[in-house]
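Everything below concerns the one structure shown next.
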Amino acid sequence: MKTISKLLYFTVIASMFFISMAGYAHDGHEDKDMIINDLGDLGDVSFSISCNKNAQKAMSTGVGLLHHMMYAQAEELFGHWIEKEPDCAMIYWGYSMSLFHPLWPDTIKNEALQRGQAALAKATTLNFTKRERDYINAAAQYYRGWEAVDDKLRIVQWANAQEVVYQKNPDDIDAAAFYALSLIVTASKQDLLFKQNQAAGDILQKIRNISPNHPGAIHYTIHAYDNAPLAKFAIDAARAYDKVAPDVPHALHMPSHIFVRLGMWDDVVSWNLRSAKAALNYPTNGATSMHYAHAIDYQIYGYLQLGDSAKAEALFEQVAGYHPIQATFPSAYALAVIPARLALEQKKWSQASQLKNQQPSYIDWQQFPQVEAITYFARGLGAARSGDFKSAQENVAMLDVLYEKTKIISASYWAPLVDAQRHSVNSWISFGKGKIDQALVQLRQAADIEDSMDKSPVTPGAVIPARELLADMLFLNGDYASALTEYKLSLAINPNRFNSLLGMKQTLLAMKKP
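Numbering (the numbering used here), first residue to last: 756 to 1269.
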């Protein structure tokens, strides 16, 4: 992809700071994003600034891009307008905002942090209103102390300052939208009441009442309600996003976050079909976009829940023609979980037990122990269900190692999920050896761990829900009443899952037999 380089000179602490801008590559990040030529209708944004009319129009477009999370495109736009309007303070603010991605699991590089900080330092030397000062100060909190302060803590600094912007400018729609985003970003994954998400959703609904096509209000509503108890409140937003979503993979994928929560599988398939197709139009450095793998994972999951395993299998076969794919966390997750899903969802235990680990080899799997664990979980479960307990225990041993590694990078989220996978495999080993009571205790523990946390946006669902596995075990043990209860509990979190519905049907039939 062609790279456009621009040179900017900012005054920073009595010296000149050199900034190289690579708009097309969005080079300040490990995960490259994309640029499109035709933006189309981005929705309704009118972000007023104290600069001329041309800069004003560009500013509104740029803020719209930020709300759509089209950060590379926003960086290019703001960089272009810095050259055209070097005395407009808020253009520098917009540039700095394009460089950090609060909801994304990517990593901003030091040179991008330097660029963002320098842009804001330049902004403070120019004329600005009180409102504009509030925005500039909020963005500066993300960059403050970046050399020593952890990224997550700096996001909290930004979120706290963004709340101040909102409080000082209560009638500013975009201040409200960015504040709602900050609430979503800083919400605890352990809060299963989703209080901050609800607060964000309330704010965003007020914006939608005033400006129905505001991209931030629609897009962030989908993120706010991307959880089991609240998803039903985002159906309208998910449908509305089609009107303002640009033809880029992330925008075309986002509505399916709601549809997957509600078990609306036809919608999951259709939106991700569009997302994957769009992603193929934007290769990065010779590799297929990570958005392609992410969309394919959701699409295959949708096919499996529709009971159409043939289409799911055929779709995965197509993926082989698009390697290499960006070696990022979302790609690694999708490429590890898809073959595991295909085997486990179809109860092909022997196939699951023989899955190859660390595939494809061009991904640095050492970075992602929580993802590598998926393969060993599937292999272990497949081996245990096939009666090969020795192999199952060997896979549990690998899960033990990966659990310790995962604790280092994600002690409060991914590590417990790997722990649940260990308990699940161990439970089926116990069950296969006739230790029924022990097996049920182990699997209940796995289900309770898994249910205590919301799913990550990187996945449409658990590799296979532990609660569903528990119901399967109870069914096999002849405890139909308990099995029915567990299937219902699993469906409450994962509506319309094919195997849970099938399990319920089989259980009810078994209960009717004399």
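Glycine is no exception: its CB is placed at the ideal position from the N, C-alpha and C atoms.
Residue i - DSSP class collapsed to helix/strand/coil
i	result
isoleucine 1118	coil
alanine 972	helix
isoleucine 863	strand
methionine 824	coil
tryptophan 1183	helix
leucine 797	coil
leucine 875	helix
tyrosine 1056	helix
glycine 956	helix
valine 999	helix
proline 1094	helix
glutamine 1073	helix
valine 904	coil
Counted within 10 angstroms of its Cβ, other Cβ atoms place residue i as buried (16 or more) or exposed
i	result
serine 937	buried
methionine 771	Summary for methionine 771: the model assigns pLDDT 31, below 50, so the residue's position carries little reliability, and this model does not support an answer.
methionine 814	buried
serine 1179	buried
histidine 1078	exposed
glutamine 917	buried
glutamate 1205	buried
glycine 1233	exposed
proline 1269	exposed
threonine 1039	buried
Residues bridged to residue i [DSSP beta-bridge criterion]
i	result
threonine 1083	None; threonine 1083 has no bridge partner.
alanine 1042	Thr1039
Near the ligand MG: residue i beta-carbon under 7 Å from a heavy atom
i	result
serine 853	No copy of the ligand MG appears in this structure; indeed no ligand is present at all.
Inter-residue spacing [alpha-carbon to alpha-carbon] between residue i and residue j
i	j	result
isoleucine 1093	methionine 1009	19 Å
glutamine 1114	tyrosine 847	42 Å
alanine 780	alanine 827	The pLDDT assigned to alanine 780 is 37, lower than 50, so where the model puts this residue is not dependable; a value taken from the coordinates is nonetheless given after this. When rounded, the distance between both Cα atoms is 7 Å.
histidine 1046	aspartate 1002	13 Å
proline 1085	alanine 1048	7 Å
glycine 783	serine 1182	Per-residue confidence for glycine 783 stands at a pLDDT of 45, beneath the threshold of 50, marking its modelled position as unreliable; the derived number appears in the next sentence. Computed Cα separation, rounded: 45 Å.
tyrosine 1117	alanine 1082	7 Å
alanine 1031	tyrosine 1168	28 Å
glycine 971	lysine 923	19 Å
serine 1255	tyrosine 1242	6 Å
leucine 1017	leucine 1061	13 Å
leucine 738	aspartate 1052	This structure leaves residue 738 out entirely; the chain is present only between 756 and 1269.
leucine 1263	serine 1044	45 Å
tyrosine 1088	phenylalanine 855	22 Å
aspartate 1143	arginine 1177	16 Å
alanine 1098	aspartate 981	27 Å
Nearest candidate by alpha-carbon position, reference residue i, set the options
i	options	result
glutamate 1223	Lys877, Ala1201, His969	Ala1201
serine 1207	Val920, Arg994, Ile1248, Gln1121	Ile1248
leucine 1154	Gly817, Ala1170, Trp1020, Gly1258	Ala1170
alanine 1217	Gln869, Gly1233, Ile1129, Leu1198	Ile1129
histidine 969	Asp929, Val940, Arg994, Pro984	Asp929
isoleucine 1163	Pro1124, Arg886, Ser853	Pro1124
glutamine 960	Val1156, Phe1186, Ala935, Ala1238	Ala935
aspartate 799	Ser805, Ile863, Ala995	Ala995
threonine 1214	Val1023, Leu1198, Asp1234	Val1023
proline 857	Ile990, His823, Phe883, Arg870	His823
serine 1146	Ser1108, Ser1165, Asn1251	Ser1108
arginine 899	Glu1159, Pro1250, Ala874, Trp1104	Ala874
leucine 1136	Val1151, Glu1127, Val1126	Val1151
alanine 1067	Gly1076, Tyr1056, Ala1075	Tyr1056
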